[in-house]
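Peer 1:
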Amino acid sequence: MTTTAAAPPPSSPACTSRRPATDEYGIAMWTPSVFRAWAGDEDGDKDHMSPPDAIATMSGYVCWLDQRFKEAGMPKEDLPALVAAGYRTSDRAVIGQGGVPEQVRPHVDEVLRHLAAYGG
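Count along the sequence shown from 1, add 7, and you get the number used in the working numbering.
(1) Using three-state DSSP, classify Glu49 as helix, strand or coil.
(2) Starting from the C-beta of Thr11, find all residues in its chain whose C-beta is less than 8 Å away, skip the five residues before and the five after it, and write them out in chain order.
(3) Cα-Cα, which of Ala46, Asp30, Glu31 is closest to Ser66?
(4) On the premise that Pro108 lies in contact with Val118, defined as a C-beta separation below 8 Å, what is that separation, rounded to the nearest angstrom?
(5) Starting from the Cα of Thr38, find the closest Cα among Gln104, Tyr94, Arg120, Ala123 and give me that residue.
Structure follows, in structure tokens:
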């Protein structure tokens with residue numbers, strides 16, 4: 008039997024996370040403008056602070072990043088790092104740098120540590 012983790016309650020710290028300096032908010036740390044460009048509406052409110060909307064939208068965006076990096080001929084073994092970097096910056100920044108831009112290296116390293124801890 009497969010189970011799906013429930014979204015955290017709207018009052019959880021993950022749902023109310025904010026980085027105003029970089030205009031990032033919510034469980035997926037979306038900037039409102041990027042969220043609007045990619046947004047799905049899973050629960051009737053189409054809101055970057057809504058876990059169902061933010062997570063569903065993130066999944067589509069991450070899949071798109073994966074395809075962009077494959078189409079750009081980037082090494083498949085680097086895809087986890089490239090996708091983490093692309094999510095934090097942009098596909099253009101990663102492709103333009105030919106890999107993970109230095110300014111997001113600490114973030115990417117942290118994501119990769121978590122991925123390894125989860126057996127990925």
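Heads up, the beta-carbon is just placed ideally off N, CA and C, and yes, glycines get one too.
Peer 2: Concretely, from the data shown:
(1) The residue labelled residue 49 in the question sits at position 42 within the sequence shown. The answer is coil: DSSP assigns Glu49 none of H, G, I, E or B.
(2) Against the sequence shown, residue 11 aligns to sequence position 4. Only weak support is given to the placement of Thr11: the predicted model assigns it a pLDDT of 45, under 50, and the value that follows is read from those uncertain coordinates. None.
(3) The residue you call residue 66 lines up with position 59 of the sequence shown. Ranking the options by Cα distance to Ser66, first place goes to Ala46.
(4) Translated into positions along the sequence shown, residue 118 becomes position 111. Translated into positions along the sequence shown, residue 108 becomes position 101. Contact doesn't hold; Cβ gap of about 14 Å is too wide.
(5) In the sequence shown, counting from the first residue as 1, residue 38 sits at position 31. The shortest Cα separation from Thr38 among Gln104, Tyr94, Arg120, Ala123 belongs to Tyr94.
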